[in-house]
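A short write-up of the structure that comes next.
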Amino acid sequence: MMTCYHIGAVEFFPDACEIRVAGRMEHLQPRLRDVLVCLVRHRGEVVSRETLLREAWHGRAASDECLTRCIYLLRKQLRARNLVETVACSGYRLHHCGHEVGIAGSPLPGALRATGLLPSP
């Protein structure tokens, strides 16, 4: 089964590294996917820049500028600036994220669950 999250009008398929926007499937760069996975994990909460850098960069060194650029690119690809809110001096918050939906007939790779980026069912 493949996992899908509904974020506003966007469907996010983390295991496939894809989103569906306006009926079109689009590939997400792995780093954008990792940032979005982190935001989905903490949906509705403010996620600090430090948490995003730690979880999305998997402990590798990255600057605040890298994260800022990644958020910019993610908003652009989601085509909805209001889905990812900047919370001044705190971090970012994901809005309009529904629950996980399984899609039958599709394999569910365990890679994201194994890394701890997605919670176990």
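Quick note on numbering: this note's numbering labels position 18 of the sequence shown as 1, and the sequence is numbered without any gaps. By construction, the Cβ of each residue, glycine as well, lies at the ideal position given by its N, Cα and C atoms.
Check whether the Cβ atoms of residue i and residue j lie closer than 8 Å to each other.
| i | j | result |
| --- | --- | --- |
| GLN60 | ILE(-10) | no |
| LEU15 | LEU56 | yes |
| CYS108 | VAL84 | Absent from the structure is residue 108, since the part of the chain shown begins at -16 and ends at 104. |
| GLY74 | LEU35 | yes |
| ARG64 | VAL4 | no |
What does a CB cutoff of less than 6 Å around residue i pick up in its chain, not counting 5 residues either side in sequence?
| i | result |
| --- | --- |
| VAL70 | VAL29, ARG76 |
| ALA97 | Because the pLDDT at ALA97 is just 43, under 50, the model does not fix this residue reliably, and the value given afterwards should be weighed accordingly. Nothing listed; no residue qualifies. |
| GLU38 | CYS21 |
Can you name, in chain order, every residue of its own chain whose Cβ lies under 7 Å from the Cβ of residue i, other than the five neighbours on each side?
| i | result |
| --- | --- |
| SER89 | Summary for SER89: the model assigns pLDDT 43, below 50, so the residue's position carries little reliability; its value from the coordinates is reported in the next sentence. Result list for SER89: MET(-16), MET(-15), in chain order. |
Going by alpha carbons, who is nearest to residue i out of the options?
| i | options | result |
| --- | --- | --- |
| HIS78 | VAL67, VAL18, CYS72 | VAL67 |
| ARG58 | ASP(-2), VAL18, CYS(-13) | VAL18 |
| ARG32 | ARG43, ARG24, THR51, ARG26 | THR51 |
| HIS41 | VAL(-7), PRO13, CYS0 | PRO13 |
| ASP(-2) | GLY27, LEU11, ARG7 | LEU11 |
How would you write the range of the beta strand (DSSP E) that residue i sits in, first residue to last?
| i | result |
| --- | --- |
| MET(-15) | -15 to -10 |
*Length at least 4, wholly inside the region -8 to 71: the alpha helix (DSSP H) runs in chain order*: 13 to 24, 32 to 39, 47 to 61
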